[in-house]
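Some notes on the structure that comes next.
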Amino acid sequence: MWMDKLADGVLQIETPIGPRYVRLTLKQRVYLMWMFRNFPSLPQQVLSRREQRFVERLSEENGYASMPGLGTAGLPVIGRIEHRLQSHAEILPMRKPVAATKSPVPERSREAASA
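Quick note on this note's numbering: the sequence shown kicks off at 5 and runs consecutively.
As structure tokens, then:
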């Protein structure tokens with residue numbers, strides 16, 4: 005299996021409009037096989053800056069191709085980059101103030117401390 009990937013493998017990039025595939029040179033396939041040695045799919049956020057620039061450069065230089073069935077019927081997929089949209093922080097409703105509790109410090113001590 006790894007020999008097939010080394011000989012003809014492609015990189016799959018998940019985009020909002022569907023999966024896109026990038027054809028690679030031998031040197032690029034070797035590097036990507038090392039990147040994906042432990043996982044078949046990686047989110048873009050976990051890649052180092054160097055790896056992110058590498059993937060961006062691949063897609064700019066080689067261009068995307070939309071090939072349905074490529075991973076199953078055609079060329080083997082070395083790995084998949086997941087482009088997840090940045091999720092915004094969840095806005096939580098304001099909390100009610102905590103009900104007043106009896107303070108362990110007597111009222112006279114607080115008055116003396118503030119004076």
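Positions of the beta carbon are idealized from the N, C-alpha and C atoms, including for glycine.
Coil, strand or helix - L79 by DSSP: Working through the sequence shown from its first residue, we reach residue 79 at position 75. Correct three-state label for L79: coil.
If you draw a straight line from the alpha carbon of P80 to that of P101, how long is it in whole angstroms? Taking the sequence shown and counting its residues from 1, one reaches residue 80 at position 76. Taking the sequence shown and counting its residues from 1, one reaches residue 101 at position 97. Using only the alpha carbons, I get a separation of about 58 Å.
By Cβ distance, which residues of its chain are closer than 7 Å to Q32, with the 5 residues on each side in sequence left out? For the purposes of this step, residue 32 is identified with residue 28 of the sequence shown, where counting begins at 1. Only L62 meet the Cβ criterion.
Please list the segments of the alpha helix (DSSP H) lying wholly inside the segment 25-49, counting only runs of 4 or more residues, in order along the chain. 30-39
In whole angstroms, what separates the C-alpha of L46 from that of F58? As a working mapping, residue 46 is identified with position 42 in the sequence shown. As a working mapping, residue 58 is identified with position 54 in the sequence shown. About 14 Å.
Would you call F43 buried or exposed, if buried means 16 or more other Cβ atoms sit within 10 Å of its Cβ? Counted from its first residue, the sequence shown places residue 43 at position 39. Exposed is the call here.
Buried versus exposed, by CB contacts within 10 Å (16 or more), H92: Reading the sequence shown from its first residue, position 88 is the one you call residue 92. Low per-residue confidence applies at H92: pLDDT is 49, beneath 50, and the placement is therefore not dependable enough to give any value.
What does the alpha-carbon distance come out to for the pair A69 and I17? Here residue 69 refers to the residue found at position 65 when the sequence shown is read from its first residue. Here residue 17 refers to the residue found at position 13 when the sequence shown is read from its first residue. The straight-line gap from Cα to Cα measures roughly 10 Å.
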